[in-house]
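In the UniProt record's numbering, the protein residues as written are 1 to 549.
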């Protein structure tokens with residue numbers, strides 16, 4: 001009996017498991033050399049010649065052209081890590097790949113994949129308990145630690161040369177946008193990149209930079225002590241909601257019609273003037289005649305401001321975005337010590353600065369080339385994420401492979417209390433976690449075995465914070481050295497890696513249907529995959545990274 005169509009391909013049992021495991025491991029290997037302060041960069045080139053140079057794990061995996069559905073599950077690990085924490089993407093992917101590698105050995109030893117998955121889950125829960133028990137508390141007042149966390153996130157990236165300066169800017173930015181209830185939305189930290197100057201010339205603007213210009217040359221370039229109006233509408237003649245025709249039989253009627261339109265525009269401008277407006281940001285258009293009247297009143301006007309800009313301006317200046325100019329009052333106006341049109345990187349933009357309580361700020365990042373600035377921006381994005389996470393959770397852990405070494409040690413002890421074959425899976429989980437300190441040593445040009453032995457010895461002696469200094473090769477106290485990162489970076493990495501690995505291990509049948517299109521994201525219920533997926537299709541470009549986009 002023929003069940004599948006002729007175009008379908010099917011791989012079952014150990015062949016399917018082996019294929020999926022190999023795909024997952026290949027993804028992990030592609031980013032493994034980027035881990036740590038001495039990790040290397042990758043150059044990704046697309047078909048049109050566009051180039052991205054980075055060692056940011058999630059950026060590499062997003063840009064690579066990956067079709068295999070099992071490989072895409074590992075890519076999702078990095079994306080989840082990025083969304084939840086903002087850093088640790090490479091760590092999460094490398095752990096996931098190593099969990100699959102360890103599982104493959106157990107499967108070859110006739111341990112059932114479901115048993116492995118169960119053991120992995122038990123180990124992950126125990127690991128999170130250990131991390132929680134050993135976390136170091138941090139408060140918003142501990143600025144020194146926050147700056148160290150921000151600097152750690154930049155280590156090994158393009159921003160490392162000026163990480164101390166940038167770390168201060170990042171902490172200032174996050175603390176500025178932190179609400180009274182402790183909520184932090186890093187979208188309120190706008191990032192502007194400028195090619196030219198050095199990374200150390202980057203600065204924090206306590207206010208908003210709007211990528212627009214004043215609408216009329218006769219308007220002032222700069223306004224001091226400005227009352228700022230925010231209008232989510234248009235300063236134009238209102239159109240009727242129904243189609244209408246106006247028959248004009250006399251030139252005087254036409255003039256009356258035009259006079260009436262002009263009067264409407266003048267009344268709108270007069271309303272802004274009456275409440276004391278010095279600067280107005282408008283969400284839609286501004287009529288030419290209205291621009292003339294605004295210029296006459298000395299009001300600096302900006303049109304077609306984005307919704308996101310209006311929201312940031314409201315948070316920064318303390319103003320309120322109004323939808324109808326008839327309702328605007330003095331209480332709706334925001335305040336800024338300076339609103340000025342300035343040149344930045346060859347572009348004219350509006351700077352809204354010197355606000356009393358900036359709840360929306362702008363980081364201006366500089367660098368010698370476009371590639372440098374882009375990589376600095378990615379590093380800053382990671383740094384903002386970890387500082388936000390630290391303030392939300394109030395807990396950090398030492399870096400340098402210290403948590404993973406401690407977890408491996410305690411999980412091996414825990415395995416003795418686990419019955420059945422799950423014990424083997426817990427021990428394999430412990431071995432898999434040691435891939436992090438081992439990779440840090442390899443990427444630093446150190447002997448991974450010697451480094452791992454030294455780390456184990458120090459942790460056996462009760463030194464939880466003992467980690468690997470990639471620059472000297474010594475095992476040092478990472479907390480004392482200031483190399484720390486949020487606890488959630490580690491817990492999220494372990495959670496995501498475990499879930500992805502167990503999902504892949506439970507797949508024992510892969511059906512590639514001939515009529516399926518696209519990207520391998522439909523690998524859930526029926527384990528289907530796109531054409532060519534049956535034999536590691538779409539993975540060919542992963543090895544050398546060339547043409548990977």
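Positions of the beta carbon are idealized from the N, C-alpha and C atoms, including for glycine. Fair warning: this is a prediction, and the values are worked out from it, not measured in the lab.
Quick check on DSSP: helix, strand or coil for residue i?
i, result
"residue 274", "helix"
"residue 486", "strand"
"residue 19", "helix"
"residue 14", "helix"
"residue 234", "coil"
"residue 183", "coil"
"residue 215", "coil"
"residue 30", "helix"
"residue 496", "helix"
"residue 265", "helix"
"residue 158", "coil"
"residue 491", "helix"
"residue 550", "Here the chain comprises residues numbered 1 to 549, so residue 550 is not present and cannot be evaluated."
"residue 49", "coil"
"residue 36", "coil"
"residue 66", "coil"
"residue 523", "Note that residue 523 scores a pLDDT of 41, beneath 50, so its modelled location is shaky; the value from the coordinates is reported in the next line. Three-state DSSP puts residue 523 in coil, outside helix and strand."
According to DSSP, which residues form a beta bridge with residue i?
i, result
"residue 227", "335"
"residue 209", "351"
"residue 137", "395"
"residue 476", "467"
"residue 204", "363"
"residue 54", "42"
"residue 222", "340"
Tell me which residue opens and which closes the beta strand (DSSP E) that residue i is part of.
i, result
"residue 190", "189-195"
"residue 169", "Unbroken run through residue 169 is the alpha helix (DSSP H), 163-177; no beta strand (DSSP E)."
"residue 45", "42-45"
What are the boundary residues of the alpha helix (DSSP H) that includes residue i?
i, result
"residue 93", "89-108"
"residue 128", "113-134"
"residue 58", "57-63"
"residue 77", "69-84"
"residue 144", "143-154"
Among the residues of its own chain, which have a CB less than 7 Å from the CB of residue i, if the five just before and after it don't count?
i, result
"residue 557", "In this structure the chain extends from 1 to 549, so residue 557 is not present and cannot be described."
"residue 128", "491, 494"
"residue 75", "27, 61, 66"
"residue 317", "228, 334, 335, 336, 352, 355"
"residue 497", "77, 92, 95, 96, 99"
"residue 57", "31, 34, 78, 89, 90, 93"
"residue 191", "363, 365, 377, 380"
For residue i, I'd like the list of residues in its chain whose CB is within less than 6 Å of its CB, leaving aside the five on either flank, ordered along the chain.
i, result
"residue 551", "Residue 551 lies beyond the stretch modelled for the chain, which goes from 1 to 549, so this question has no answer here."
"residue 84", "492"
"residue 178", "184"
"residue 312", "208, 360"
"residue 206", "358, 361"
"residue 200", "162, 165"
"residue 408", "430, 433, 434"
"residue 14", "none"
So with Cβ pairs under 8 Å, would you call residue i a contact of chain C?
i, result
"residue 499", "Absent from the structure: chain C. Only one protein chain is present."
Which same chain residues end up closer than 8 Å to residue i when comparing Cβ atoms and leaving out the 5 residues on each side of it in sequence?
i, result
"residue 268", "235, 290, 325"
"residue 119", "418, 421, 422, 423, 424, 425, 426, 428, 429"
"residue 39", "33, 55, 90, 156, 443"
"residue 198", "162, 366, 367, 368"
"residue 436", "35, 91, 94, 95, 401, 404"
* To do: Note down, one range per segment and in chain order, each alpha helix (DSSP H) of at least 4 residues found wholly within the segment 279-363.
  => 288-296, 307-317
* Asked: Considering only residues of the segment 378-464, which uninterrupted beta strand (DSSP E) runs meet the minimum length of 3 residues and lie entirely inside it, listed in chain order?
  -> 395-398
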